[in-house]
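Visitor: Shown below is the structure under consideration.
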Amino acid sequence: MGIRCTAASRQLLVLFEQAGQELLTHPQIYNRLREQRFDINRVILYRLLDRFVAAGLLERVVDQERVARYGWVACPGSSASTLNLSPRFECRSCHRQFRLMELPELCDAMQVALDAWAAKGSRGLQAEVAVRGVCERCLQH
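Add 610 to a position in the sequence shown, counting from 1, and you land on the number used in our numbering.
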């Protein structure tokens with residue numbers, strides 16, 4: 611699936627480049643775009659996020675509070691990204707989430723587990739790893 615090169619799609623890419631490994635909710639994305647003086651309809655933003663997810667650029671992760679968050683596809687360069695492997699850290703205090711991209715061993719270990727299940731005949735496999743605790747920023751306040 612392709613994505614048209616529009617002002618909105620370009621601005622969304624810039625926003626996620628700035629966010630780095632942070633996972634963002636729809637309201638956070640909408641507010642950050644507004645802070646950058648980019649006006650976009652909330653429904654259009656949902657549709658654009660869905661297109662980015664379908665194209666494999668972003669992934670949608672639902673946390674334990676059932677809140678959808680968006681971020682770059684996890685574990686790039688491995689087949690894990692196609693299996694929705696989403697290792698992340700969730701702060702119990704501020705509820706921010708961050709990718710654990712700096713832990714490729716975690717992606718590799720989960721891929722081994724998924725491959726083992728696939729070898730037994732399972733299909734449509736997904737794995738989510740969430741480490742929960744309190745982030746450094748919250749501990750300092």
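Using N, Cα and C, we set each Cβ at its ideal position, and we do this for glycine too.
(1) Which one of P637, P697 and P714 has the shortest CA to CA distance from A678?
(2) Using C-beta distances below 6 Å, list every residue in its chain close to R661, excluding the 5 sequence neighbours before and after it, in chain order.
(3) Across the segment 701 to 717 and the segment 652 to 670, are there enough close Cβ pairs to call them in contact, namely three or more that are closer than 8 Å?
(4) Following a CB-centred definition, is Q646 positioned closer than 7 Å to any heavy atom of the ligand GTP?
(5) To the nearest whole angstrom, what separates the beta carbons of I639 and A618, a pair I think is in contact under 8 Å?
(6) Give me the Cα-Cα distance between L753 and A728, rounded to the nearest whole angstrom.
(7) Between L693 and F648, what straight-line distance do the alpha-carbon atoms span, to the nearest angstrom?
(8) Can you list, in chain order, the residues of its chain with a C-beta nearer than 6 Å to that of L659? Leave out the 5 residues immediately preceding and following it.
(9) Which residue's Cα is closest to the Cα of R676: H705, R652 and L655?
Guide: According to the data block:
(1) Along the sequence shown, read from residue 1 onward, the residue named residue 678 stands at position 68. For the residues P637, P697 and P714, the minimum Cα distance to A678 belongs to P637.
(2) On the sequence shown, position 51 is the one that residue 661 refers to. Within the same chain, R661 has close Cβ partners I613.
(3) no
(4) As for the ligand GTP, it is missing from this structure, which has no ligand bound.
(5) On the sequence shown, position 29 is the one that residue 639 refers to. On the sequence shown, position 8 is the one that residue 618 refers to. Actually they do not touch by this definition, with Cβ atoms about 11 Å apart.
(6) This structure does not reach residue 753, given that the chain is present from 611 up to 751, and the question cannot be answered.
(7) By one-based count along the sequence shown, residue 693 stands at place 83. By one-based count along the sequence shown, residue 648 stands at place 38. Interpretation of L693 is limited by its pLDDT of 43, a score under 50 that renders its predicted location unreliable; the figure taken from the coordinates is listed afterwards. In a straight line, the C-alpha of L693 is about 33 Å away from that of F648.
(8) Stepping through the sequence shown from its first residue, residue 659 is reached at position 49. Correct list, in chain order: Y680.
(9) The sequence position of residue 676 within the sequence shown is 66, counting from 1. Comparing Cα-Cα distances from R676 to each of H705, R652 and L655, the minimum goes to H705.
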